Amino acid sequence: MTADCLFCRIVAGEIPADVVHETDVTLAFRDINPQAPTHVIVVPRAHHPNVATMAEADPVLAAAVLRAAGEIAVAEGLTEPGYRLVFNTGAGAGQSVFHVHCHVLGGRPLAWPPG
Ligand code: 5GP
Ligand code: ZN
Numbered sequence: 002m003t004a005d006c007l008f009c010r011i012v013a014g015e016i017p018a019d020v021v022h023e024t025d026v027t028l029a030f031r032d033i034n035p036q037a038p039t040h041v042i043v044v045p046r047a048h049h050p051n052v053a054t055m056a057e058a059d060p061v062l063a064a065a066v067l068r069a070a071g072e073i074a075v076a077e078g079l080t081e082p083g084y085r086l087v088f089n090t091g092a093g094a095g096q097s098v099f100h101v102h103c104h105v106l107g108g109r110p111l112a113w114p115p116g
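First residue of the sequence shown: 2, per our numbering; consecutive thereafter.
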């Protein structure tokens, strides 16, 4: 656990979250400020700052995050017509929590390109 990391604290159970999926290496919970009818955040339990550093340090863990996201999409009924997985990477791209997380978004039409 990294001190002062919001998502490490959620993983540790110090901050409550609406958990929808978990494995031994991942945790997923509903976003507190949802941007779509379904908006779930998937995190690895281990702290990595962003998706690139996670993939470099532990590609098996990166795969586990993606697998969890796919299972959540099925469980939430998002596979038709589709859904979006987002890893905001860097403050300029909207990353505000520097513990890697995959946004699972669906349940409404999703425009492209994103804003
Ligand atoms: P980012 O902006 O880093 O890509 O995504 C961070 C996400 O975490 C945001 O969508 C934000 O709404 C969500 N978030 C921030 N604080 C909390 C919290 O305490 N609980 C939950 N469930 N989500 C949070
Ligand atoms: Zn963390």
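The beta carbon of each residue, even a glycine, is placed where N, CA and C say it ideally should be. All values derive from a computational prediction rather than experimental measurement.
Item, Value
"Local Cβ density within 10 Å of A13, reported as buried at 16 or more and exposed below that", "exposed"
"Environment of C63 [buried if 16+ CB atoms lie within 10 Å]", "Rather than Cys, the amino acid found at residue 63 in this sequence is Ala. Per the 10 Å Cβ criterion, buried."
"C-beta neighbour in chain D for A53, strict 9 angstroms", "Although the question refers to chain D, the structure presented lacks it and comprises just one protein chain."
"Sequence-distant residues of its chain with Cβ nearer than 6 angstroms to R10 (five each side left out)", "I16"
"Heavy atom of ligand 2 within 8 angstroms of V12 beta-carbon", "yes"
"Cβ neighbour criterion (16 or more within 10 Å) applied to T39", "buried"
"CB-CB length for H102 against I33, believed under 8 angstroms", "Going by Cβ atoms, the distance from H102 to I33 rounds to 12 angstroms, so no, they are not a contact pair."
"Contacts around E23, its chain only, beta-carbon distance under 8 angstroms, and the 5 residues preceding and following it disregarded", "A29"
"Inter-residue CB distance, L106 and V87 (contact presumed, cutoff 8 angstroms)", "7 angstroms"
"Contacting residues, own chain, Cβ-Cβ under 6 angstroms from G108 (five flanking each side not counted)", "A37, P38, T39"
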